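Written out as structure tokens, the structure is:
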């Protein structure tokens, strides 16, 4: 929290005078939805007196979603200014977060609340009214999860291929749903240091491939491709997915499980099977492309 506060306060002196940018619009919308979603979860947990779970939920929201993802997505480049809308929304989110944490850590959160910006006398966190938030758009939450998965997957691929973080790549995406990426493209390119993101309909020659979810990603870098290393990683992932598919098939072929489990549980297993089959097909295509 203190490190996050220092980062946000550092931006305070670098707010631009220009018109608000739309580059951070998705990040703001996504965190608004996450905040509303967690508020709804906490309401249920408090009613059931599950305080330990409530605290873990708040911790995950602050550390995983706000500090690890949101702040990284909206952070301006080196010595660049931040637009007023993004800065003000970030401060507002910070206030909401420490208010959620306040019952568990009252003194630290009160101190941070007054450090975020100047307050009028009597404007204290302990008497601040809780905001009423309702989550309405699950699509944004799913796109946010996709963005996190793709960033993690591309960074992992870069690391395995020893592509330095500062080295730019050209990224191509083979997907049946390119429109899903439209709101997240600007954040994705910044987070994986891509000079361009292209949507293709076939394998990109001379590229490093990665399978993330049901989509395939092709990275083109200046350094030569280590086909042996790439084949090894793909075979490892293929072996894992085949084992996973086998375990799901075993569960779905169990009549007792199918008869006794809730319909949504069975549907989830069927979706897992379909996802695994799609990943296996994509991996095999990538292996074939290596020659």
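In our numbering, the protein residues as written are 418 to 708. Quick reminder that beta carbons are idealized off the backbone N, C-alpha and C, glycines included. What you are looking at is a predicted structure, and each value in this text was computed from that prediction instead of being measured.
For residue 624 against residue 633, the beta-carbon gap comes to about 10 Å, at or over 8 Å, which does not count as contact. Under the three-state reduction of DSSP output, residue 418 falls in the coil class, being neither helix nor strand.
Cβ-Cβ distances below 6 Å link residue 697 to 658 in the same chain, with the five nearest sequence neighbours on each side left out; the list follows chain order. DSSP assignment within the stretch 525-584 yields the following whole alpha helix (DSSP H) runs of 4 residues or more, N-terminal first: 555-577.
Measuring C-alpha to C-alpha distances from residue 502 to each of 433, 448 and 484 identifies 433 as the nearest. Going by C-alpha positions, residue 684 is about 10 Å away from residue 675. For residue 495 and residue 688, the gap between their C-alpha atoms comes out near 42 Å. Membership of residue 635 in the beta strand (DSSP E) is indicated by the continuous run 632-637. In the structure shown, residue 609 falls within a coil segment according to DSSP collapsed to helix, strand and coil. Put simply, of 645, 456 and 663 the residue whose alpha carbon is nearest the alpha carbon of residue 515 is 456. Considering only 447, 613 and 418, the residue with the shortest C-alpha distance to residue 475 is 418.
Boundaries of the alpha helix (DSSP H) around residue 509: 501-518.
Closest in C-alpha terms to residue 479, from the list 451, 465, 492 and 466, comes 451. If you compare the alpha carbons of 650, 681, 460 and 636 with that of residue 585, the shortest gap goes to 636.
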